[in-house]
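K.L.:
Here it is, the structure, as structure tokens.
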Amino acid sequence: QQQVKQSPQSLIVQKGGIPIINCAYENTAFDYFPWYQQFPGKGPALLIAIRPDVSEKKEGRFTISFNKSAKQFSLHIMDSQPGDSATYFCAASAGGDYKLSFGAGTTVTVRA
Amino acid sequence: ETGVTQTPRHLVMGMTNKKSLKCEQHLGHNAMYWYKQSAKKPLELMFVYNFKEQTENNSVPSRFSPECPNSSHLFLHLHTLQPEDSALYLCASSQDWGRDEQYFGPGTRLTVT
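Protein chains in written order, with my numbering: chain A, 1 to 112; chain B, 1001 to 1113.
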């Protein structure tokens, strides 16, 4: 049973566009929501993370929006660049548990 | 060398072979993990070690056998694998098993023929 559902599976945007990736969860005990970025041939790397006490978090061009009542969170990539082309994974865990439940990933392609 | 390293980066093995994957972390972390990454699927947690002790075995078939001789090294011994075991195997580490920030290695691309 997949605990975190991620969409879309892939998306293509032009340089400067804003790709948006959505994730939904059911487990209300989840209290930590990280996003990982993975380039081909590399392992996933932590990009940005949010806890449910805030509705939005920005780090550079990356923004997480969090809707606790809807049990959804999303990643926005502002002013996207070709170097942002990668696979993005959302994840969630509960109570500091090491068990991260991952989404299936979204492959983002930014065309120059 | 820094971060989490894995060797080999690519491995092709027959179903009757025995091979081992190696992971080393240079971050001073106490917890290490093995994940399986298959195309279009979420990462699957396989094993967790905390201070060299196995704390999680996520219903992994016995043809996968982990070993953690110390907090810096983690092995995954493979034997009698099946073609469906072909995947990217990722190692990760974190400061301790209760912390959320996990740092991943580049993975070993395994192909079982």
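The beta carbon of each residue, even a glycine, is placed where N, CA and C say it ideally should be.
Counting only Cβ-Cβ distances shorter than 8 Å, please list the residues of the segment 1020–1032 of chain B near chain A, keeping chain order.
P.N.:
Under the 8 Å Cβ criterion, the segment 1020–1032 of chain B contributes Ala1031.
K.L.:
If you measure from the beta carbon of Pro40 of chain A to each beta carbon in chain B, is any gap under 8 Å?
P.N.:
So, not an interface residue.
K.L.:
Would you decide whether Gly175 of chain A is buried or exposed? Buried here means 16 or more other CB atoms lie within 10 Å of its CB.
P.N.:
Nothing can be reported for residue 175 of chain A, as the shown portion of chain A is limited to 1 through 112.
K.L.:
Does Ala91 of chain A pass the burial test, meaning 16 or more other C-beta atoms within 10 Å, or should it be called exposed?
P.N.:
With 16 or more other Cβ atoms within 10 Å, it is buried.
K.L.:
Take Lys1018 of chain B and list the residues in its own chain whose beta-carbon comes closer than 6 Å to its own, dropping the five residues that flank it on each side.
P.N.:
Cβ within range, chain order: His1079.
K.L.:
On the DSSP letters alone, give me the boundaries of the beta strand (DSSP E) that His1077 of chain B sits inside.
P.N.:
His1073 to His1079 is the extent of the beta strand (DSSP E) around His1077 of chain B.
K.L.:
Whole angstroms are fine: how far does the CA of Val1012 of chain B sit from the CA of Phe66 of chain A?
P.N.:
So the two alpha carbons sit approximately 42 Å from each other.
K.L.:
Would DSSP call Asp1096 of chain B helix, strand or coil?
P.N.:
Three-state result, Asp1096 of chain B: coil.
K.L.:
Is DSSP giving Glu26 of chain A helix, strand or coil here?
P.N.:
Three-state result, Glu26 of chain A: coil.
K.L.:
Which residues, taken in chain order from the segment 34–58 of chain A, show a beta carbon closer than 9 Å to some beta carbon of chain B?
P.N.:
Going along the segment 34–58 of chain A in chain order, one finds Pro34, Tyr36, Gln38, Gly41, Lys42, Gly43, Pro44, Ala45, Leu46 and Ala49 with a Cβ nearer than 9 Å to chain B.
K.L.:
Given that Leu1045 of chain B touches chain A, what residues does it touch there, using C-beta distances under 7 Å?
P.N.:
Per Cβ cutoff of 7 Å: Lys99.
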